[in-house]
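Undergrad: After the structure tokens below, expect a handful of questions from me.
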Amino acid sequence: MSKAGDKSWIGQSVERIEDLTLLAGRGRYIDDIGVPPGTLHAAILRSPHAHAEIRAINTEAARRAPGVATVITAAEVTKLSTSLVVGVKAPIECWPIAAGRVRYVGEPVAVVVAADRYLAEDALELIEVDYAPLPAIVDPLAALDPQLPPLHEGLGGNIASDRSFRYGDPERAFAEAARKVCVSIRYPRNSCTPIETYGIVAVYDPSEDAYDVLANFQGPFSLHPVMARALKVPGNRLRLRTPPDSGGSFGIKQGVFPYVVLIGVAARVAGRPVKWVEDRLEHLCASVSATNRVTQLEAAVDADGRVRALSFDQIEDVGAHIRAPEPATLYRMHGNLTGAYDIRHVAVRNRVVLTNKTPTGLNRGFGGPQMYYALERLMQRVAVELKLDPIDVIRRNLVTAKAFPYRTASGALLDSGDYSHALDVALADGGFAELKKRRDAARAQGRIYGIGCTAVVEPSVSNMGYITTVLTAEDRRRAGAKNGAQATATVAFDPLGGVSVHTASAPQGQGHRTVLAQIVADAFGLAPSDIRTVSEIDTARDAWSIASGNYSSRFAAAVGGAAHLAATRLKEKLARTAAAQLNVPPAEIEFVGGRVRARGNPDNSIPFARLAATSHWSPGMVTDDNQALRETVFWTPPELTAPTEADEVNSSLCHGFIFDFCGIEIDRVTGAVRIDKYVTMHDCGCVLHPGMVAGQITGGFAQGIGAALYEEFAYSPDGAFLAGTFADYLLPTTTEVPAPTILHVETPSPFTPLGAKGVGEGNCMSTPVCLANAVADALGIAAIDLPMTPAKLAAHIHPAEHAPDRARAGRS
Amino acid sequence: MPRLSADARHRIRLTLNGRTVEAVAEPRMLLTDFLRHNLAMTGTHVGCEHGVCGACTVEIDGVPARACLTLAVQADGADIRTIEGLAPAPGRLSILQEAFRRHHALQCGFCTAGILLSLECYLRDNPSPDEAALRDYLGGHLCRCTGYVPIIAAALDAAARLREAHKHA
């Protein structure tokens, strides 16, 4: 990477461009943006039942209510749209509103469109729905039972996909193994719950049969064709735009897309623009959730703790529908099933099941938390059962530094790293030896104290083809190979020589605009404050592709890289034009401090702005090759190939490394976990902005604490939703989140333009299991599922309590 | 307490960030909606509408309050300060806001307004807070992006600078 002038802006924690606006309360989130005159407001009636037939819906009284323009139900939606495309070969439909049957609590049943939200909500109460309740399937294991009635008639059961994979020779490795170690995991449902909920403003133009929708959608824009097909228009007649600011997402705002279809139809029926903003109760119960997963994971192990083979049996609960891009959560990690370890033999059985719960989708970590919880609990159990040091077991199995780029058994190409080195630095700089002394001292006092550790490979920049691993090789051949991940960036000069950058990255607070300004400022020898950046998306005007959006931690590695490439192309053109004017070879041209000059002769220079404006004012002075007005780069890495005939898939481009360790204490009375110390070591390649990287790590760490200790989208056995408010679904607050010790080593990615890798999701993968390993160490237990609530842990501390004798209590 | 009619819109006059403003609202309208949609003060955000997340916190007569648990008509005659009233001038930031920027104490910025308003009130009454007290106090705000660590750092830094500014005032 070339540095412009004396210093590089990349790598500095510059203050964020975004913050002056946001701190002054001038952000423009979706609900802050003006709407067209006459815009109506929608409210959604939702199912109180987990599973029921809809016998009849009477909307007459609601239609007559004050201010109501229209009421829509499945009758209108199924007429004006088609089912959302489903990603597996199965006879399943997926509508954004219940059609004939409700399949989860919170499923939309009717939409009232009225003059304002208050009036729309008033009218909801006047809608009469005649439900005939059906038995609910809540437990994913129950969904395997062929005797239970199917949620979707055509399917015959509730298993939507069942695939087995085999890499290497796992049967032989298990047959020859000195030891076998197994864990059985039930990973719960949770979500990262952004503080801003979903919002949409939809307009339908009947003259051109076109939709214009503003939504705080985050991507992936592979869902744009899904929405367009559902709305029965070509892609160029669904103009999808995102607002400048979005109040967090963490994957969750992918799930706004079915509502784009629903509110689009509502706008069409109403004949007016329609706005809908989700409320928190709707969000918790029915927006989207991470998958819950039941995993049996077995390892074939040598006597010294070397793991030779893994056997996964994963049952993925996607809820009531397979909503695109599911079952992607199950396949996102498919190339990385061996984590940070050199394990050549892997067997996998993946089943996707349907239950009467909210449909699942993107959530920070996306498959990583579920997978690593099983893998890293297993590694801890290997150490315990073989009476080895857990650190030694991890170290013995790590991919070695000289093996990179390393192809995993299931097909991922690990780009770079030195895992053992990172581990050593973490132990030394993080104070592991001292932590062990702390544990010993605490235990000597009779306190319940444990240490946990975990190693994780954090994938980033998803291969858009990985999802097709759910299909057989034959089905993939028939459908056409899918692969790659197009990142886009546009850099443009205006007639005053100002520099603008646009990317289709749809940030939700990460600070993309600042980093883009750093990257492009470096290329041109300018300051970040000279660069104007736009990162919202308008599919009618902007360069975008299916991989656009903000997910799979792709910004730094892919989008930032594309911006660097676009700026570099313009810079090369400018350098050639400047070379002609300054009478030096192009290689002697440098861009420093707002001027373009001959190296070694600063007086022989021209102002950057003047040079950048030349192709506007004097194109005749510039050769055709060097016209420099606007450059758009589409960048897709060649490493992201389609799944092979043998189902090997390089599911992601970059692979960061994380090694975490922690010390926790459990309150002997209450069973509450206190985090005493937490160390997290990251190798995310080149760091573009240390402050933002620390922000991503600390934020992910806090969400990991939530998943580990507090959060669960719990359902009762009859499918009732039990976590419908923030008083039931508990998020960690300032009093629960200590400051983690963050450490870094850097091995640049050879596959990305700036050497950067993603860093946004790793602690959502590593922190829950690291804390669980510490709890298991503290209590000396093998089986522990999340969330590790005080009630759950107290049962391991206190003797069983017997219920009072009711008969006698009743007599006295 | 005046008697209000549920069907009628009532005139509400209040002081908002030092200026007198007037608008009408039905008795059931929440203060959040009134501020955002009737008075165009969109810097106050709505996160949960049941009083847990703290995003909508504003200062009412010198005390931080959840605007989502307050009816607009309750604010008649009140002195209200929102995020839009914190900066000393357009394009400039207060000492507290500057500290947030310096410490990267916000990412998406959606919860930030409420946290700033709570801290404004708290630091006025508690100019020398320790970290434990600040953590306890800010436990009433949910932030999903930052992990809170930089928020605490920014608040401690701002408190020190505010004390310094007072000394020289």
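So the sequences go chain by chain: A and B.
Sequence positions in the first sequence follow the working numbering and run 1 to 812.
Sequence positions in the second sequence follow the working numbering and run 1001 to 1169.
We put the beta carbon where it would ideally sit given N, CA and C, even for glycine.
1. Quick check on the DSSP output: what are the complete beta strand (DSSP E) runs of length 3 or more inside the region 164-214 of chain A, in order along the chain?
2. Just the chain A side, please: which residues come within less than 8 Å of B:Asp1130 by C-beta, in chain order?
3. Considering Cα atoms alone, identify which of A:Thr242, A:Gly691 and A:Gly27 is closest to A:Thr539.
4. Going by DSSP, what residue range makes up the beta strand (DSSP E) through A:Pro690?
5. For the putative contact between A:Glu648 and A:Leu570, defined by C-beta atoms under 8 Å, what is the C-beta separation to the nearest angstrom?
6. Using only alpha-carbon positions, find the residue among A:Ala412, A:Tyr211, A:Lys482 and A:Glu76 that is nearest to A:Asp852.
7. Residues of chain A with a CB under 8 Å from the CB of B:Thr1112: which are they?
8. Have a look at B:Arg1003, B:Ala1160, B:Ser1005 and B:Arg1028 and flag the residue whose alpha-carbon is nearest the alpha-carbon of B:Ala1072.
9. Assuming A:Cys764 is part of the beta strand (DSSP E), what are its boundary residues?
10. In this structure, does DSSP put A:Gly511 in helix, strand or coil?
11. So, at 6 Å on beta carbons, what are the nonlocal neighbours of A:Cys684 in its own chain, with the 5 sequence-adjacent residues on each side left out?
12. 8 Å is my cut-off, CB to CB: does A:Thr734 come that close to chain B?
13. First and last residue of the alpha helix (DSSP H) that includes A:Arg55?
14. Taking the C-alpha atoms as reference points, what is the distance between A:Met227 and A:Val85?
15. At 7 Å on the CB atoms, spell out the chain B contacts of A:Ala114, in chain order.
16. Kindly indicate the opening and closing residues of the alpha helix (DSSP H) around B:Arg1163.
17. When the distance is taken between beta carbons, is A:Cys662 closer than 8 Å to A:Leu771?
18. Chain B partners of A:Gln12, CB-CB under 7 Å?
19. Tell me which residue opens and which closes the alpha helix (DSSP H) that A:Asp429 is part of.
20. Could you tell me the distance, in whole angstroms, from the CA atom of A:Val769 to the CA atom of A:Ala24?
21. Which of the residues in the region 1115-1127 of chain B, read from start to end, lie with their CB under 9 Å from any CB of chain A?
22. Using a beta-carbon distance below 8 Å, is B:Gly1018 in contact with chain A?
23. For A:Leu151, which of A:Ala99, A:Pro194 and A:Val256 has the nearest alpha-carbon?
24. Can you name, in chain order, every residue of its own chain whose Cβ lies under 7 Å from the Cβ of A:Ser716, other than the five neighbours on each side?
25. Nearest to A:Leu141 by CA position, among A:Glu196, A:Asp317, A:Ala177 and A:Tyr449, is which residue?
26. Can you tell me where the alpha helix (DSSP H) with A:Asp475 in it begins and where it stops?
27. Have a look at A:Glu458 and A:Tyr372 and give me their C-alpha separation to the nearest angstrom.
28. Starting from B:Thr1057, trace the beta strand (DSSP E) both ways and give me its first and last residue.
29. Looking at A:Pro750: is its Cβ nearer than 8 Å to the Cβ of A:Ala702?
30. Taking a Cβ distance cut-off of 9 Å, strictly less, list which residues of the region 1070-1090 of chain B are near chain A, in chain order.
31. From the DSSP output, which residues share a beta bridge with A:Met681?
32. For A:Ala173 and A:Arg306, I'd like the C-alpha separation in whole angstroms.
33. Quick one: does A:Asp19 have its CB under 8 Å from some CB of chain B?
34. Can you give me the C-alpha to C-alpha distance between A:Val14 and A:Gly695, rounded to a whole angstrom?
35. Taking all protein chains shown into account, do 16 or more other C-beta atoms lie within 10 angstroms of the C-beta of A:Ala75, making it buried, or fewer, making it exposed?
TA: Concretely, from the data shown:
1. 179-187 and 199-205
2. By Cβ distance, chain A contributes nothing, its closest Cβ being about 13 Å from B:Asp1130, past 8 Å.
3. A:Thr242
4. It is not in any beta strand (DSSP E) - A:Pro690 instead sits in the alpha helix (DSSP H) that spans Pro690 to Leu709.
5. Incorrect: roughly 39 Å between the Cβ atoms, too far for contact.
6. Given a span of 1 to 812 for chain A in the structure shown, any question on residue 852 of chain A remains unanswerable.
7. Leu22 and Leu23
8. B:Arg1028
9. Per DSSP, A:Cys764 belongs to no beta strand (DSSP E); it is in the alpha helix (DSSP H), Gly762 to Leu779.
10. coil
11. Gly656, Lys757 and Val759
12. yes
13. From DSSP, A:Arg55 is part of no alpha helix (DSSP H) but of the beta strand (DSSP E) over Ala52 to Asn58.
14. 9 Å
15. Per Cβ cutoff of 7 Å: no residues; A:Ala114 is ~14 Å from chain B at best.
16. Val1149 to His1168
17. yes
18. Those within 7 Å of A:Gln12 in chain B number zero; the least Cβ separation is about 13 Å.
19. Tyr419 to Asp429
20. 39 Å
21. Leu1116
22. no
23. A:Ala99
24. Leu722
25. A:Asp317
26. Ala473 to Ala479
27. 10 Å
28. Thr1057 to Ile1060
29. no
30. Thr1082, Ile1083, Glu1084, Gly1085, Leu1086, Ala1087 and Pro1090
31. A:Phe659 and A:Leu743
32. 12 Å
33. yes
34. 13 Å
35. exposed
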